[in-house]
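Numbering (UniProt numbering), first residue to last: 1 to 263.
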């Protein structure tokens with residue numbers, strides 16, 4: 001096995017081709033390790049690819065190194081035996097790379113990894129809030145198997161929530177990214193400050209119902225302000241059983257918004 005590395009799989013293959021002084025169609029490649037960007041540079045690794053010459057290419061390379069043979073014998077002294085024909089059975093084909101089987105994950109190890117990610121995200125958020133100049137304490141509660149509730153207590157609630165919840169929503173997105181990159185992608189993070197999430201849920205429900213009535217009265221669609229995905233889901237859920245209107249999301253993040261239109 002001959003391993004070559006690079007920032008991408010193609011870069012690693014190119015390094016192998018340069019070292020072997022050959023072309024892509026003359027080699028067999030097998031990805032040993034896929035590249036990974038890491039989180040803020042932590043955990044980054046290069047791609048590792050096994051690049052080997054195909055059997056025919058090996059023979060051609062070997063012939064280049066063999067010294068010139070003596071002149072062939074005359075026709076009278078040449079052997080009369082004909083070379084054996086090459087058949088499909090004697091032709092060699094490059095071995096296909098076999099993908100490694102995924103190792104089963106130990107449940108105990110998975111729980112340990114999940115807890116380590118939850119402990120780490122608390123320190124991560126506490127550091128960010130401290131850098132914002134906000135004195136706050138953080139409590140964590142696992143409300144469900146796949147969800148954690150992170151609640152801040154502070155005298156600067158408005159500053160931590162931000163206009164239209166932009167600050168607390170941004171912190172929640174960062175917390176989710178942290179969990180995703182530390183082996184807890186199946187866990188949803190919910191950040192709260194002084195019951196803001198409950199108040200926001202009530203506000204969104206009223207907004208959805210009032211907008212739906214306006215759409216029915218005017219017969220025209222209405223675009224709501226851009227919202228994070230979890231708030232858009234609340235709007236869709238409130239109007240899911242309303243047979244007079246339909247809802248869908250339009251636009252690209254972070255400007256994606258809910259559209260309510262007549263059914």
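The beta-carbon is built from N, C-alpha and C at its ideal position, and this holds for glycine as well.
Give me, in chain order, the residues of the same chain whose beta-carbon lies closer than 7 Å to that of residue i; leave out the 5 immediate sequence neighbours on both sides.
i           : result
residue 73  : Caution applies to residue 73, whose pLDDT of 49 falls short of 50 and renders its modelled position unreliable; the model cannot decide the point.
residue 134 : 154, 156, 159, 160
residue 242 : 212
residue 171 : 125, 128, 191
residue 254 : 226
residue 68  : With a pLDDT of 46 at residue 68, under the threshold of 50, the modelled position of that residue is not reliable, and the figure given next carries that caveat. Within the same chain, residue 68 has no close Cβ partners at all.
How about residue i and residue j: are their beta carbons less than 8 Å apart?
i           : j           : result
residue 11  : residue 47  : yes
residue 150 : residue 138 : yes
residue 234 : residue 191 : no
residue 221 : residue 259 : yes
residue 52  : residue 32  : no
residue 168 : residue 140 : no
residue 218 : residue 236 : no
In its own chain, which residues sit with a C-beta less than 8 Å from the C-beta of residue i, not counting the 5 before and 5 after it?
i           : result
residue 256 : 226, 227, 229, 232, 249, 250
residue 8   : 35, 47
residue 131 : none
residue 267 : Because the chain spans 1 through 263 in this model, residue 267 falls outside it and cannot be assessed.
residue 174 : 124, 125, 128
Skipping 5 residues on each side, what residues in its chain have a beta carbon closer than 6 Å to that of residue i?
i           : result
residue 147 : 188
residue 153 : 137
residue 244 : 216, 263
residue 15  : 4, 6
residue 178 : 121, 124
residue 211 : 222, 260
residue 186 : 146
residue 209 : none
residue 116 : none
residue 238 : 205, 208
If I'm right that residue i touches residue j with Cβ under 8 Å, what's the distance once you round it to whole angstroms?
i           : j           : result
residue 165 : residue 196 : 7 Å
residue 183 : residue 122 : Actually they do not touch by this definition, with Cβ atoms about 16 Å apart.
On the DSSP bridge list, what partners appear for residue i?
i           : result
residue 36  : 45
residue 3   : 50
residue 266 : This structure cannot speak to residue 266, because the chain is shown only from 1 to 263.
residue 262 : 245
residue 305 : With the chain represented from 1 up to 263, any question about residue 305 goes unanswered, as that position is not in the structure.
residue 222 : 260
residue 28  : 52
residue 250 : 257
Relative to the ligand ADP, is the shortest distance from any of its heavy atoms to the C-beta of residue i smaller than 7 Å?
i          : result
residue 54 : This structure lacks the ligand ADP, and indeed carries no ligand of any kind.
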